[in-house]
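Student: With the sequence shown counted from 1, adding 321 to any position gets you my numbering.
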Amino acid sequence: MPDPDDQRLYFLLQRAAHRLRTTADRRVLAAAGITTAQLGALFAVQDEPGITQQQLARTLGLRESAVTGLVGRLTSAGLVGKRPHPREHRAVVLELTSAGADALRAARPEIDRFNTELRALLGDDGFSGAATAMHRLAHWESQ
Numbered sequence: 322m323p324d325p326d327d328q329r330l331y332f333l334l335q336r337a338a339h340r341l342r343t344t345a346d347r348r349v350l351a352a353a354g355i356t357t358a359q360l361g362a363l364f365a366v367q368d369e370p371g372i373t374q375q376q377l378a379r380t381l382g383l384r385e386s387a388v389t390g391l392v393g394r395l396t397s398a399g400l401v402g403k404r405p406h407p408r409e410h411r412a413v414v415l416e417l418t419s420a421g422a423d424a425l426r427a428a429r430p431e432i433d434r435f436n437t438e439l440r441a442l443l444g445d446d447g448f449s450g451a452a453t454a455m456h457r458l459a460h461w462e463s464q
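(1) Kindly indicate the opening and closing residues of the beta strand (DSSP E) around GLY402.
(2) Checking 8 Å against the spacing of the C-beta atoms, do VAL349 and LEU341 come in under that value?
(3) Taking DSSP as the reference, what is the three-state secondary structure of GLU438?
(4) Exposed or buried, which one is GLN375 when buried takes at least 16 other CB atoms within 10 Å?
(5) Rounding to the nearest angstrom, what Cα-Cα distance links GLY369 and SER419 in this structure?
(6) To the nearest angstrom, report how far apart VAL388 and PHE435 are at their CA atoms.
(7) Taking the CB atoms as reference points, tell me whether ALA352 and ALA451 lie closer together than 8 Å.
(8) If you draw a straight line from the C-alpha of GLY371 to the C-alpha of GLY390, how long is it?
(9) For VAL392 versus LEU415, is the C-beta spacing smaller than 8 Å?
(10) With a CB to CB cut of under 7 Å and the five nearest residues on each side skipped, what residues in its chain are close to LEU443?
(11) Would you report the Cα separation of GLU409 and ALA422, rounded to the nearest angstrom?
(12) Please classify THR343 as buried or exposed, where buried requires at least 16 neighbouring CB atoms within 10 angstroms.
(13) Taking the straight line between their C-alpha atoms, what separation do you get for VAL366 and VAL413?
(14) Let me know the secondary structure DSSP gives LEU417 once reduced to three states.
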């Protein structure tokens, strides 16, 4: 039984992140045939048309080498296309393909269900507070 007085925040965040990631991965994979990492990249490409791999790495908080592999898998699956950057000869621009847009549409209902379940678990105030806290932590720069 979990101890409600456990204040080891970092440990609890790791456990919660693992539980959320594995559950969301299973559901999104079943609904759309993609992982949550791929889903995040597809959302970023959709939200920022013409994003480069370097910008995608910053957006996702990943090393460029990890994003290279991720983009390779997305392009091989036909979910993202690449074209030369108009001004930077070594950079490529990423574009969502119609198959990528279809994958996002297929994943959306499952993500909405997942968030509804989290809102029910945490309550409206807890859900909003957790989202605000996670946003702060995601952008925190420790001294």
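We treat Cβ as the ideally placed atom computed from N, Cα and C, and that holds for glycine.
Tutor: Reading off the structure:
(1) 401-405
(2) no
(3) helix
(4) exposed
(5) The amino acid at residue 369 is misidentified as Gly; the sequence shows Glu. So the alpha carbons of these two residues sit roughly 16 Å apart.
(6) 26 Å
(7) no
(8) 19 Å
(9) yes
(10) ALA451
(11) 26 Å
(12) exposed
(13) 13 Å
(14) strand
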